[in-house]
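Below you'll find the structure, written out as structure tokens, and then a few comments.
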Amino acid sequence: MNKKFNEHFLIILKYFTYSYIIYHILCHFESHLTNFIAYQSYLLLKLLLNDVILIQNLVYLPNIIISITEPCTGMILISVLLAYILTVENRLKYYVFGSLFCILLIYLGNIFRIVIIGILANTFGNGEYIHNTVGFVFFPTITVFTILLWSKIKKRL
659 MNKKFNEHFL
669 IILKYFTYSY
679 IIYHILCHFE
689 SHLTNFIAYQ
699 SYLLLKLLLN
709 DVILIQNLVY
719 LPNIIISITE
729 PCTGMILISV
739 LLAYILTVEN
749 RLKYYVFGSL
759 FCILLIYLGN
769 IFRIVIIGIL
779 ANTFGNGEYI
789 HNTVGFVFFP
799 TITVFTILLW
809 SKIKKRL
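Per the working numbering, the sequence shown starts with residue 659, numbered consecutively.
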């Protein structure tokens, strides 16, 4: 039992170490991504709503202004999922494809999250509550969805 505990403890330690290292590498890109994510969110919102204006990292909707800041880039969630891939996978092709898949899915999902927050906050007001509620539901859901979908795709590689 003690040996099994040590093995599991080392896996968990490896996962948290990877998460920490990956995030501290990726966090340097957060400020560069805010305008890019704001632009992509703006394009989707422009398709769905009237009178949407983008100025730098601010998306102006008729009833609310959305500020896309560093936490909006999703780097923490990307770091967590990359650490998961590095911890559980044992082949190079799984590292590469799993990492690319997780980054792409989380990135697109995060833009979708911003658009949902924008539409709901513009329609119902109370932007902070909507932001927190959507984030609370989104992050665990997209994490589990990404891991399950990756597990299914991995079987086909």
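Note that beta-carbon positions come from the ideal geometry of N, C-alpha and C, so glycine has one too. Only a predicted model underlies this, so the values are computations on that prediction, with no experimental measurement involved.
- Along the segment 693-774, the alpha helix (DSSP H) occurs as fully enclosed runs of 4 or more residues at 733-746, listed in sequence order.
- By the criterion of a C-beta distance shorter than 7 Å, I761 is surrounded in its chain by I736, once the five residues flanking it on both sides are discounted.
- The C-alpha of L703 is placed about 9 Å away from the C-alpha of I772.
- The C-beta distance from G776 to I724 rounds to 5 Å, short enough to meet the 8 Å contact threshold.
- In the structure shown, L807 adopts helical secondary structure according to DSSP, grouped into three states.
- If you draw a 10 Å sphere on the C-beta of Y742, you find 16 or more other C-beta atoms in it, and that means buried.
- Classified as buried, F796 has 16 or more neighbouring CB atoms from the shown chains inside 10 Å of its CB.
- Looking at T781, K812, F755, the one whose alpha-carbon comes closest to that of N708 is T781.
- Straight across, the Cα-Cα distance linking L716 with K810 is about 38 Å.
- An exposed status is given to G783, since fewer than 16 other beta-carbon atoms sit within 10 Å of its beta-carbon.
- The beta carbon of G732 lies closer than 7 Å to those of I764, Y765, N768 in the same chain, with the five residues before and after it left out.
- Look at G783 here: in three-state DSSP terms it is coil, with no helix or strand label.
- Judged by DSSP secondary structure, F667 falls within the alpha helix (DSSP H) whose first and last residues are 660-684.
- Here the C-alpha atom of I683 lies approximately 10 Å from the C-alpha atom of S677.
- Distances from the CA of P729 to each of L807, G793, I774, V746 were compared; the closest alpha carbon is that of G793.
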